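S.K.: When you line the sequence shown up against my numbering, it's residues 56 to 226, in that order. For glycine and all other residues, C-beta sits at the position ideal for the given N, C-alpha and C. Since we're looking at a predicted model, the values are computed, not measured. Have a look at this one.
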Amino acid sequence: MRRPNLLLTGTPGVGKTTLGKELASRSGMTYINVGDMAKEGELYEGFDEEYDCPILDEDRVIDELEDKMSEGGVIIDYHGCDFFPERWFDIVFVLRTENSFLYDRLESRGYKGKKLQDNIQCEIFQTLYEEAMSSYREEIVHQLPSNTPEDLERNLDQIMQWIEQWMKDNN
Numbered sequence: 056m057r058r059p060n061l062l063l064t065g066t067p068g069v070g071k072t073t074l075g076k077e078l079a080s081r082s083g084m085t086y087i088n089v090g091d092m093a094k095e096g097e098l099y100e101g102f103d104e105e106y107d108c109p110i111l112d113e114d115r116v117i118d119e120l121e122d123k124m125s126e127g128g129v130i131i132d133y134h135g136c137d138f139f140p141e142r143w144f145d146i147v148f149v150l151r152t153e154n155s156f157l158y159d160r161l162e163s164r165g166y167k168g169k170k171l172q173d174n175i176q177c178e179i180f181q182t183l184y185e186e187a188m189s190s191y192r193e194e195i196v197h198q199l200p201s202n203t204p205e206d207l208e209r210n211l212d213q214i215m216q217w218i219e220q221w222m223k224d225n226n
């Protein structure tokens with residue numbers, strides 16, 4: 056039975072990992088956090104001193120994921136989306152968080168200074184939503200609010216309904 060591939064994207068701290076892990080648990084799909092996969096496989100091409108973080112080797116990430124994505128049933132979690140092949144995803148969810156919530160979440164992760172401010176600005180200017188809209192067909196890109204536990208439950212219910220309908224329509 057074929058299953059869809061989903062992309063969860065958005066600014067760091069919007070709740071992609073929480074949503075992705077719970078979706079995988081409820082749906083039986085495979086959850087992949089690209090940041091964790093890159094760390095485990097050392098899929099980097101350098102280090103960004105300004106942001107104090109490694110620089111992702113996007114080509115190696117794509118090579119690593121290609122076979123899994125062609126099988127279907129994968130939930131990808133990453134804060135960028137413009138380097139993934141368009142053909143990989145049946146739907147893209149961009150999580151959005153109000154700045155007051157996001158600031159507290161990022162600060163609790165140890166973000167400060169330029170890194171904190173740039174991530175807040177990224178959310179204000181809808182950078183990842185626009186990146187998703189320019190990288191994928193508009194009809195498969197959806198924004199979801201991700202501020203409260205109630206938002207999380209609503210998003211889980213909505214995405215599970217979408218997965219069930221996709222499977223009826225495509226099998």
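How about residue 119 and residue 96: do their beta carbons lie closer than 8 Å?
M.R.: As a first step, residue 119 is located in the sequence shown; it is residue number 64 there, counting from the start. As a first step, residue 96 is located in the sequence shown; it is residue number 41 there, counting from the start. For residue 119 and residue 96, yes; Cβs fall inside 8 Å.
S.K.: Considering only residues of the same chain and omitting the five flanking positions on each side of residue 79, which have a CB-CB separation below 8 Å?
M.R.: Counting from one through the sequence shown, the residue named residue 79 turns up at place 24. Cβ neighbours of residue 79 beyond the five flanking positions: 85, 86 and 130.
S.K.: Let me know if residue 104 comes out buried or exposed under the rule of 16 or more other beta-carbons within 10 Å of its beta-carbon.
M.R.: By 1-based counting over the sequence shown, the position of residue 104 is 49. Classification for residue 104: exposed.
S.K.: Check each candidate in 90, 102, 57 and 146 and name the one with the smallest Cα separation from residue 196.
M.R.: As a first step, residue 196 is located in the sequence shown; it is residue number 141 there, counting from the start. The shortest C-alpha separation from residue 196 is found at 146.
S.K.: By the DSSP assignment, the beta strand (DSSP E) with residue 101 in it spans what residues?
M.R.: Locating residue 101 in the sequence shown gives position 46, counting from the first residue. Taken as a continuous stretch (DSSP letters only), the beta strand (DSSP E) holding residue 101 covers 99 to 103.
S.K.: Where do the N-terminal and C-terminal ends of the beta strand (DSSP E) with residue 88 fall, by residue?
M.R.: Taking the first residue of the sequence shown as 1, we reach residue 88 at position 33. Segment 85 to 88, the beta strand (DSSP E) holding residue 88.
S.K.: In whole angstroms, what separates the C-alpha of residue 205 from that of residue 191?
M.R.: What you label residue 205 is simply residue 150 of the sequence shown in a count that begins at 1. What you label residue 191 is simply residue 136 of the sequence shown in a count that begins at 1. Computed Cα separation, rounded: 28 Å.
S.K.: How far does the alpha helix (DSSP H) with residue 136 in it extend, from its first residue to its last?
M.R.: For the purposes of this step, residue 136 is taken as the residue at position 81 of the sequence shown. Counting along the chain, residue 136 falls outside any alpha helix (DSSP H), and DSSP gives it neither H nor E.
S.K.: Pick out whichever of 99, 72 and 115 has its Cα sitting closest to the Cα of residue 109.
M.R.: The count along the sequence shown starts at 1 and reaches residue 109 at position 54. Per the Cα distances, 99.
S.K.: DSSP three-state call for residue 66: helix, strand or coil?
M.R.: Along the sequence shown, read from residue 1 onward, the residue named residue 66 stands at position 11. Note: residue 66 maps to coil in three-state DSSP.
S.K.: Helix, strand or coil, according to DSSP, for residue 58 in the structure here?
M.R.: Indexing the sequence shown from 1 puts residue 58 at position 3. Residue 58 falls in the coil class under three-state DSSP.
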